[in-house]
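Heads up: the sequence lines are chains A and B, in that order. Using my numbering, read the first sequence as starting at 68 and increasing by one per residue. Using my numbering, read the second sequence as starting at 68 and increasing by one per residue. Even for Gly, the Cβ is constructed at its ideal location relative to N, Cα and C.
Number of protein chains: 2
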Amino acid sequence: MSKRLAKRVLRRFLGSAAQGRPPAPEYWGLSRTAAGDVSLDGVTLRQLAQEWGSPLHIVNARRLRENAGRFLAVPAGRRAGCEVYYSYKTNPIAGVLQELHALGVGAEVISHYELWLALQLGVPPERIVFNGPGKSDASIRQAIDAQIQLLNVNHREEIARVGRIAGELGRRPRIGIRITVGQGWAGQFGVPVAGGLALQAYEEALRVASLDVVGLHAHRGGMIRSRDDLTAFVLAVLSFVDELHRRTGRSLQVLDFGGSLATPTVRGLSTRELRLNRALQRELEPADPARALGIDEYVSVLTGLVEDFYDRRRWPRPRIVVEPGRAITGDAQMLLTSVLTVKSEPARTFLVLDAGINLAESCRSEYHALLPVTDAKRPGGGVYTVVGPICTPGDTLYWAARLPSLNAWDSLLIMDAGAYFVPFATSFSFPQPPIVMVDGEKVTLLRRGERFEDLAQRDLAAAKAAGAGTTPGADR
Amino acid sequence: MSKRLAKRVLRRFLGSAAQGRPPAPEYWGLSRTAAGDVSLDGVTLRQLAQEWGSPLHIVNARRLRENAGRFLAVPAGRRAGCEVYYSYKTNPIAGVLQELHALGVGAEVISHYELWLALQLGVPPERIVFNGPGKSDASIRQAIDAQIQLLNVNHREEIARVGRIAGELGRRPRIGIRITVGQGWAGQFGVPVAGGLALQAYEEALRVASLDVVGLHAHRGGMIRSRDDLTAFVLAVLSFVDELHRRTGRSLQVLDFGGSLATPTVRGLSTRELRLNRALQRELEPADPARALGIDEYVSVLTGLVEDFYDRRRWPRPRIVVEPGRAITGDAQMLLTSVLTVKSEPARTFLVLDAGINLAESCRSEYHALLPVTDAKRPGGGVYTVVGPICTPGDTLYWAARLPSLNAWDSLLIMDAGAYFVPFATSFSFPQPPIVMVDGEKVTLLRRGERFEDLAQRDLAAAKAAGAGTTPGADR
């Protein structure tokens with residue numbers, strides 16, 4: 068009893084209500100009809116749920132094109148902009164990728180499958196960049212053979228390997244080397260500039276005749292949310308470019324700055340926040356898009372820093388490559404989900420949704436706005452704990468979310484579902500949902516939902532093959 | 068520099084090497100051939116990797132049957148044992164489930180898909196138990212219509228719902244109510260005994276004419292690793308059974324104690340351990356199977372406590388239901404994976420594997436032994452950081468694992484991969500691997516690996532349907 072009281076006091080002291088509010092639905096291109104329905108480009112979400120069921124991924128084509136267009140634009144006063152390669156792993160939906168490719172966005176791939184998919188979708192090889200710490204020999208071979216734009220070597224040991232395969236194929240692929248500059252990710256990624264390791268890697272690669280060393284790759288990782296984050300990172304990379312020139316006489320033609328620009332309405336959650344949120348049901352502070360670095364400014368700052376740097380040295384302007392993921396698709400997609408049941412207890416009310424960590428794993432470590440589709444003016448409501456249908460306490464999406472009164476069948480939108488929701492999705496006990504795209508009043512199915520048969524299909528195929536006396540090897 | 072020194076001192080102080088060693092490969096039924104190869108029932112893992120590729124899930128049929136047999140056995144001196152329902156969500160591979168069903172194990176399902184799968188595999192409805200916090204109306208309807216053994220109501224609000232659907236169907240399903248006793252999971256699961264809530268739920272359910280209230284469900288959650296854990300939990304549940312009898316005159320016919328018995332060689336990792344492991348590369352202490360509660364003892368203690376309790380009250384012995392998951396399949400499966408590349412740095416060496424959190428998410432929060440398949444006598448080696456091929460620092464499976472010297476193409480086994488590896492798997496950038504079962508010298512394919520085409524299939528089908536002018540709705 069005293070424990071409960073202590074919690075109550077603590078909750079008041081620490082502030083149980085978040086100070087900020089999430090942006091209005093209009094931020095995402097949504098509007099509320101006179102009847103109280105939420106709609107996207109004139110299509111109500113009620114209609115979508117009726118036609119396609121719940122859960123449902125909804126892609127906002129207009130926002131997708133806007134975001135891509137801002138990356139592709141040449142900033143005022145600059146000779147050129149960036150070359151944009153969308154990070155396939157972020158949201159690998161063929162229909163979304165095709166929409167981006169039609170605008171001139173290329174493909175940034177990290178696996179043999181993604182390379183295959185890009186070629187399958189008709190992306191010209193010169194619009195493909197291949198990255199990643201774990202490239203198979205077969206994937207390196209295909210990338211070189213197809214003559215893609217740029218193959219970024221992840222670490223020193225990969226230089227000889229790529230060189231050997233290139234030699235075997237009689238090709239001379241255009242390569243970059245991934246470096247780390249003491250900001251953002253390191254570990255398994257890239258060769259550190261510190262200790263002269265990146266420089267040594269370049270010197271080694273330059274000695275391999277079968278490699279055309281044209282570029283540099285530096286992906287910061289995490290989320291770039293401010294001009295300062297970006298500037299510090301770009302200047303550190305350029306400082307290495309300078310050093311490389313001093314030591315080897317080379318000025319690189321291609322500078323690939325990777326991705327990491329944040330979705331303005333999403334932010335990572337700290338361990339402390341998560342602890343308070345879980346233990347005391349303290350609401351999470353929304354991410355404030357007004358304080359986030361926008362795409363226009365990102366492109367402008369990046370091209371400005373690089374152009375000025377090369378101009379001062381009278382070097383020819385390099386090609387500037389970026390590999391955005393989150394910043395293009397993050398806020399151009401939402402996950403519609405519905406309440407299966409409400410579980411009321413004296414201390415807490417749970418909403419059990421038809422989507423959980425199987426579809427929205429990111430909610431465990433990132434802030435994602437949760438918008439009720441139901442008329443917000445319904446009386447009642449309060450702070451709910453919002454969980455999914457998976458049988459583990461880990462399937463909690465929101466430990467404390469303030470919502471209007473909701474009942475079974477009511478729908479909600481988990482916002483900014485266009486980055487890492489789809490690729491991290493599992494078929495844990497429940498089939499994965501369809502994905503539709505809304506474009507004006509046109510609704511297109513981009514991916515049909517999984518059927519029960521799909522989930523068992525590879526097992527039943529194996530059993531059938533075994534039963535028919537086929538050798539299992541034939542099924543691979 | 069001083070930071071690095073501090074780390075070195077700390078590392079020595081805290082002990083960089085784990086005290087225990089994982090069990091010998093023989094624990095899992097593996098042996099080393101004269102040539103230094105690791106083999107399972109006479110099949111070398113080298114052969115399996117050659118035939119089926121890497122990564123590869125390998126089911127040990129003998130261990131699977133042994134574990135199930137121990138759950139099904141009647142303990143010495145007892146009139147009967149337990150009725151065993153395997154937790155489908157733990158490892159939903161049709162071939163594994165069929166192997167268990169052939170022995171007399173039933174199906175514990177938590178979703179419409181799992182219910183469908185059990186019926187599809189020919190499990191008689193009276194061998195099916197349906198649980199979970201998020202049951203759809205359609206799934207409840209099918210469960211009632213099929214006349215399954217037991218439908219466990221998760222929370223108070225579900226009583227009226229199940230009652231209503233039963234009424235509509237003109238059936239009277241056998242139900243239990245899930246309770247929580249202040250040990251293990253609560254939250255979205257079950258009705259708390261505290262505050263008289265569980266009692267109220269029973270009183271309410273007993274008033275619904277369309278419900279046949281026969282049982283009780285209590286799933287502790289987490290991992291039961293000791294006799295004390297089990298005893299405390301069972302006594303708490305029995306104490307509620309007593310109270311229920313006093314208040315309603317009912318002694319329940321079916322007591323369902325859920326699952327949660329640990330895999331002896333797996334244990335959950337604490338936040339502190341994980342922090343030391345990540346920051347200081349302190350090796351993890353293996354789980355000691357000798358100190359874990361075994362299946363025989365679990366069954367013996369459980370049936371003993373329940374029988375004695377009912378005997379003392381001169382009530383007819385109830386049916387005792389258990390729903391093991393981990394304890395049956397956990398140590399009967401292993402994930403074969405291979406080194407794609409080694410990344411050496413002055414401070415740390417990384418092994419990049421072809422399996423990461425896409426296939427072995429559990430390694431982030433549980434101890435799983437890592438066995439080199441390669442000849443262990445190879446000189447050199449040391450402490451490696453073992454990562455997967457996914458482009459995120461989160462894709463680290465082992466922050467510090469002591470291994471012999473390993474090179475690209477060498478294989479490793481991630482042990483105890485039979486619980487929550489397959490259901491939590493994603494197709495993040497890489498297709499999911501095949502699953503084979505080794506039974507004596509016979510190797511059977513249980514699930515064929517995903518092909519690139521599989522990953523794009525639902526997108527391309529949608530695009531084709533849209534192109535052909537088919538209404539998208541037809542594809543659902």
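ask   = Nearest-angstrom Cα distance between L273 (chain B) and L418 (chain A)?
value = Indexing the second sequence from 1 puts residue 273 (chain B) at position 206. Indexing the first sequence from 1 puts residue 418 (chain A) at position 351. Rounded to whole angstroms, L273 (chain B) to L418 (chain A) spans 25 Å at the Cα level.
ask   = Between R380 (chain B) and A147 (chain B), is the Cβ-Cβ spacing less than 8 Å?
value = Mapped onto the second sequence, residue 380 (chain B) falls at position 313. Mapped onto the second sequence, residue 147 (chain B) falls at position 80. Taking 8 Å as the Cβ cut-off, R380 (chain B) and A147 (chain B) do not qualify as a contacting pair.
query = Per DSSP, H124 (chain B) forms a beta bridge with which residues?
reply = As a first step, residue 124 (chain B) must be located in the second sequence, where it is residue number 57. Per DSSP, B:L402 and B:I502.
inquiry  = In whole angstroms, give me the CA-to-CA distance for I244 (chain B) and V260 (chain B).
reply    = Against the second sequence, residue 244 (chain B) aligns to sequence position 177. Against the second sequence, residue 260 (chain B) aligns to sequence position 193. Using only the alpha carbons, I get a separation of about 11 Å.
task = Can you say whether L302 (chain A) is buried or exposed, counting buried as having 16 or more other CB atoms within 10 angstroms of its CB?
result = Taking the first residue of the first sequence as position 1, residue 302 (chain A) is located at position 235. Exposed, because fewer than 16 other Cβ atoms sit within 10 Å of the Cβ of L302 (chain A).
query = So what's H284 (chain B) in DSSP terms, helix, strand or just coil?
reply = As a first step, residue 284 (chain B) is located in the second sequence; it is residue number 217 there, counting from the start. Residue state, collapsed to three classes: strand.
Buried versus exposed, by CB contacts within 10 Å (16 or more), T538 (chain B) = Start at 1 with the first residue of the second sequence, and residue 538 (chain B) comes out as number 471. In this prediction, T538 (chain B) scores a pLDDT of 38, lower than 50, which makes its location untrustworthy; the coordinate-derived value is nonetheless stated afterwards. It is exposed - the Cβ of T538 (chain B) has fewer than 16 other Cβ atoms within 10 Å.
key: Closer than 7 Å at the beta carbon, the chain B residues around Y180 (chain A)   = As a position in the first sequence, residue 180 (chain A) is number 113, starting the count at 1. Going along chain B in sequence order, the residues near Y180 (chain A) (Cβ under 7 Å) are S496, F497, P498, F519 and L522.
ask   = Just checking, does the region 413-429 of chain A make contact with the region 505-523 of chain A on the three C-beta pairs under 8 Å criterion?
value = no
inquiry  = For the beta strand (DSSP E) containing L336 (chain A), name the first residue and the last one.
reply    = The residue you call residue 336 (chain A) lines up with position 269 of the first sequence. Careful: L336 (chain A) lies outside any beta strand (DSSP E) and carries neither H nor E.
message = Just to make sure I have the definition right: I need the residues of chain B whose C-beta is within less than 8 Å of the C-beta of A533 (chain A). Which are they?
response = Translated into positions along the first sequence, residue 533 (chain A) becomes position 466. For A533 (chain A), the residues of chain B that pass the 8 Å Cβ criterion are T511 and L512, in the order they occur in the chain.
ask   = At which residues does the alpha helix (DSSP H) containing R393 (chain B) begin and terminate?
value = Here the question's residue 393 (chain B) lines up with position 326 in the second sequence. Note, R393 (chain B): alpha helix (DSSP H), R393 to T396.
ask   = On the premise that P498 (chain A) lies in contact with Y180 (chain B), defined as a C-beta separation below 8 Å, what is that separation, rounded to the nearest angstrom?
value = As a first step, residue 180 (chain B) is located in the second sequence; it is residue number 113 there, counting from the start. As a first step, residue 498 (chain A) is located in the first sequence; it is residue number 431 there, counting from the start. So it is a contact: roughly 6 Å between Cβ atoms.
message = Using the Cβ count rule (16 or more neighbours within 10 Å means buried), how would you classify G536 (chain A)?
response = Counting from 1 along the first sequence, the entry for residue 536 (chain A) is found at position 469. At G536 (chain A) the pLDDT is 44, less than 50, meaning the model places this residue with poor confidence; the figure from the coordinates comes in the next sentence. G536 (chain A) comes out exposed.
ask   = Taking the alpha helix (DSSP H) that G234 (chain A) falls in, what are its first and last residues?
value = Taking the first residue of the first sequence as position 1, residue 234 (chain A) is located at position 167. Element bounds for G234 (chain A): R223 to L236.
inquiry  = Just verifying my parser: in three-state terms, what is the DSSP assignment at Y487 (chain B)?
reply    = Numbered from its first residue, the second sequence carries residue 487 (chain B) at position 420. In the structure shown, Y487 (chain B) sits in coil (DSSP, three-state: anything other than H, G, I, E or B).
request  = Measure how close the beta-carbons of I211 (chain A) and L236 (chain A) come, nearest whole angstrom, since I'm counting them as under 8 Å.
outcome  = Stepping through the first sequence from its first residue, residue 211 (chain A) is reached at position 144. Stepping through the first sequence from its first residue, residue 236 (chain A) is reached at position 169. Yes, they are in contact, since the Cβ atoms of I211 (chain A) and L236 (chain A) sit about 6 Å apart, within 8 Å.
ask   = Considering only residues of the same chain and omitting the five flanking positions on each side of A185 (chain A), which have a CB-CB separation below 6 Å?
value = Counting from 1 along the first sequence, the entry for residue 185 (chain A) is found at position 118. Result list for A185 (chain A): A174, V176 and I195, in chain order.
request  = Classify S98 (chain B) as helix, strand or coil using the three-state DSSP reduction.
outcome  = Mapped onto the second sequence, residue 98 (chain B) falls at position 31. Looking at S98 (chain B) - three-state DSSP - the assignment turns out to be strand.
ask   = With respect to the alpha helix (DSSP H) encompassing Y365 (chain B), which residues constitute its N-terminal and C-terminal limits?
value = As a first step, residue 365 (chain B) is located in the second sequence; it is residue number 298 there, counting from the start. Y365 (chain B) -> alpha helix (DSSP H) spans I362 to R379.
query = Quick one: what does DSSP say G87 (chain B) is sitting in, helix, strand or coil?
reply = Counted from its first residue, the second sequence places residue 87 (chain B) at position 20. Coil, per DSSP.
message = Is H124 (chain B) close to chain A? Criterion is C-beta to C-beta, closer than 8 Å.
response = Translated into the one-based positions of the second sequence, residue 124 (chain B) becomes position 57. No, no contact with chain A.
message = Using C-beta distances below 6 Å, list every residue in its chain close to R113 (chain A), excluding the 5 sequence neighbours before and after it, in chain order.
response = Looking up residue 113 (chain A) in the first sequence gives position 46. Excluding five sequence positions before and after R113 (chain A), the CB atoms of its chain that fall closer than 6 Å to its own CB belong to D104, given in chain order.
Chain A contact for A529 (chain B) (CB, 8 Å cutoff) = By 1-based counting over the second sequence, the position of residue 529 (chain B) is 462. For A529 (chain B), the answer is yes, since a Cβ of chain A falls inside 8 Å of its Cβ.
message = For S83 (chain A), which residues in the same chain have their Cβ closer than 6 Å to its Cβ, ignoring the five residues on either side in sequence?
response = Within the first sequence, numbered from 1, the residue matching residue 83 (chain A) stands at position 16. Reliability of the predicted coordinates at S83 (chain A) is poor, the pLDDT of 47 falling under 50, and no value is obtained from them.
message = Please tell me whether T157 (chain B) and G392 (chain B) are closer than 8 Å, where the distance is taken between their beta carbons.
response = Counting from 1 along the second sequence, the entry for residue 157 (chain B) is found at position 90. Counting from 1 along the second sequence, the entry for residue 392 (chain B) is found at position 325. Yes, they are a contact pair.
task = Please list the segments of the alpha helix (DSSP H) lying wholly inside the region 115-159 of chain A, counting only runs of 4 or more residues, in order along the chain.
result = 128-139
query = Whose Cβ in chain B lies nearer than 8 Å to the Cβ of D421 (chain A)?
reply = Indexing the first sequence from 1 puts residue 421 (chain A) at position 354. Near D421 (chain A) (Cβ distances below 8 Å), the residues of chain B are G201 and S203.
query = In chain B, which residues lie less than 9 Å from E224 (chain A) when you measure between Cβ atoms?
reply = As a first step, residue 224 (chain A) must be located in the first sequence, where it is residue number 157. In chain order: T408, V409, K410, S411 and A475.
query = Between L217 (chain A) and V229 (chain A), which are expected to be in contact by the criterion C-beta below 8 Å, what is the C-beta distance as a whole number of angstroms?
reply = On the first sequence, position 150 is the one that residue 217 (chain A) refers to. On the first sequence, position 162 is the one that residue 229 (chain A) refers to. No, L217 (chain A) and V229 (chain A) are not in contact; Cβ-Cβ is about 12 Å, not under 8 Å.
ask   = Just how far apart, CA to CA, sit D290 (chain B) and R358 (chain B)?
value = Working through the second sequence from its first residue, we reach residue 290 (chain B) at position 223. Working through the second sequence from its first residue, we reach residue 358 (chain B) at position 291. The sequence shown places Met at residue 290 (chain B), rather than the Asp named in the question. Approximately 13 Å, taken between the alpha carbons.
task = With DSSP collapsed to three states, give me the class of K202 (chain A).
result = Translated into positions along the first sequence, residue 202 (chain A) becomes position 135. Of the three classes helix, strand and coil, the one that applies to K202 (chain A) here is coil, per DSSP.
message = Within a Cβ cutoff of 6 Å, which residues of the same chain sit near A265 (chain A), ignoring the five residues on either side of it in sequence?
response = Your numbering for residue 265 (chain A) matches position 198 in the first sequence. Closer than 6 Å at Cβ, skipping near neighbours: I246 and V258.
query = Can you name, in chain order, every residue of its own chain whose Cβ lies under 8 Å from the Cβ of G249 (chain A), other than the five neighbours on each side?
reply = For this step, residue 249 (chain A) is matched to residue 182 along the first sequence. A distance below 8 Å between beta-carbons, with the five flanking residues on each side excluded, links G249 (chain A) to the following residues of its chain, in chain order: P259, V260, A261 and A303.
ask   = Mind checking R543 (chain B): buried by the 16 CB within 10 Å criterion, or exposed?
value = The count along the second sequence starts at 1 and reaches residue 543 (chain B) at position 476. Residue placement at R543 (chain B) is flagged as unreliable, the pLDDT there being 29, under the threshold of 50; the coordinate-derived value follows with that caveat. R543 (chain B) should be labelled exposed.
task = Taking 8 Å as the cut-off, decide whether the C-beta atoms of V333 (chain B) and A354 (chain B) are in contact.
result = Here residue 333 (chain B) refers to the residue found at position 266 of the second sequence. Here residue 354 (chain B) refers to the residue found at position 287 of the second sequence. Yes. Within cutoff.
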